[in-house]
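Visitor: Heads up, our numbering is the position in the sequence shown plus 990, with the first residue counted as 1. Idealized CB from N, CA, C, for every residue including glycine. Note that the structure is predicted; figures quoted are calculated from it, not measured.
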Amino acid sequence: MSNELSAPSPWAKLKAKVQQKLGPWGVFFKGFLKHPVMVGSIIPSSRFTIKKMLAPVDWDNTKLFVEYGPGVGTFCRPILDRLPRSGTLIVIDTNKDFIDYLESSIGDSRFHAVHGSAADVEEIIAALGFDHADYVLSGLPFSTLPDGLGEEIAAATGRAVRPGGAFLVYQFSAACRTFMAPHFAKIDAGFEFWNILPCKLFWGWKE
């Protein structure tokens, strides 16, 4: 009887089969359905967005790169391709499905996936032996985050980023700029048409 009770339902089997066939897209779609206000898009970012977003980074002087809301790793692999061998990439996500997927699919000693909140970035990087991050990247949808969380994340990021470093943000709206402005003296803005949907890009520089 215990075996019958523990057997997966036909619906669970079907979901597992669909997810297996879709691969990372299935994981991403599942994550969006579970936490829509915390996932910026139903479709991962395009290679054009990735290239433009990461272009200003001084990779030779990057020891720690942090990403909020990595999803299925759309940015993780391009970051690791550019990151020095001595560098570290920490990704933070509240969705355990994404963290589990990344831990099982990225085998790189420089990579650390953390199940937690971006608001706790200071504690997270300190636990891994760092005082500051050189760059922080975020695709979190600031316009739909719970009340107060956007301000909390922006403030924590402002404290976590070293002078000369930057907070890199890609969004469908410009709401994030309001949260970034009190903590980053200079904010550059851009736009990427070749993305679904076209998105706004921001680079907040810490002076």
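1. For the putative contact between Trp-1049 and Leu-1073, defined by C-beta atoms under 8 Å, what is the C-beta separation to the nearest angstrom?
2. How big is the Cα-Cα spacing for Glu-1112 and Asp-1121?
3. Tell me the DSSP bridge mates of Val-1159?
4. Can you tell me whether Trp-1193 is buried or exposed? The criterion is at least 16 other CB atoms within 10 Å of its CB, across all chains shown.
5. Assuming contact is defined by CB atoms lying nearer than 9 Å, are Leu-1127 and Leu-1044 in contact in what I supplied?
6. Look up Ala-1045 in the DSSP assignment and say whether it is helix, strand or coil.
7. Which runs of the beta strand (DSSP E) spanning at least 3 residues fall entirely within the region 1104 to 1128, listed in chain order?
8. Whole-angstrom Cβ separation of Ile-1115 and Ala-1150, contact assumed at under 8 Å?
9. Run the CB neighbour count on Glu-1057, radius 10 Å, all protein chains shown included, and call it buried at 16 or more, exposed below.
10. How many Å lie between Phe-1055 and Val-1047 at the Cα?
11. Restricting to Cα atoms, I'd like to know which of Phe-1157, Ser-1095, Glu-1182, Gly-1138 is closest to Ser-1036.
12. Assuming Val-1104 and Phe-1088 form a contact by the criterion Cβ under 8 Å, report the distance between their Cβ atoms to the nearest whole angstrom.
Guide: A quick look at the data gives this:
1. Looking up residue 1049 in the sequence shown gives position 59. Looking up residue 1073 in the sequence shown gives position 83. Your pair Trp-1049 and Leu-1073 checks out as a contact, with CB atoms roughly 7 Å apart and the cut at 8 Å.
2. Start at 1 with the first residue of the sequence shown, and residue 1112 comes out as number 122. Start at 1 with the first residue of the sequence shown, and residue 1121 comes out as number 131. So the two alpha carbons sit approximately 8 Å from each other.
3. In the sequence shown, residue 1159 corresponds to position 169, counting from 1. Beta-bridge pairing links Val-1159 to Ser-1128, Phe-1192.
4. The residue given as residue 1193 occupies position 203 in the sequence shown. Of the other Cβ atoms in all chains shown, 16 or more fall within 10 Å of the Cβ of Trp-1193; this residue is therefore buried.
5. Counted from its first residue, the sequence shown places residue 1127 at position 137. Counted from its first residue, the sequence shown places residue 1044 at position 54. Yes, these two residues count as a Cβ contact at 9 Å.
6. Walking along the sequence shown from the start, residue 1045 turns up at place 55. Coil, per DSSP.
7. Segments of the beta strand (DSSP E) lying fully in the region 1104 to 1128: 1123 to 1128.
8. The sequence position of residue 1115 within the sequence shown is 125, counting from 1. The sequence position of residue 1150 within the sequence shown is 160, counting from 1. Indeed they touch by this definition, with Cβ atoms about 6 Å apart.
9. For the purposes of this step, residue 1057 is taken as residue 67 along the sequence shown, with counting starting at 1. That one is buried.
10. Position 65 of the sequence shown holds residue 1055. Position 57 of the sequence shown holds residue 1047. Going by the C-alpha atoms only, they are around 10 Å apart.
11. Residue 1036 sits at position 46 when you count from the first residue of the sequence shown. Taking only the C-alpha atoms, the option nearest Ser-1036 is Glu-1182.
12. The residue you call residue 1104 lines up with position 114 of the sequence shown. The residue you call residue 1088 lines up with position 98 of the sequence shown. With a contact defined as Cβ atoms closer than 8 Å, Val-1104 and Phe-1088 miss out at about 11 Å.
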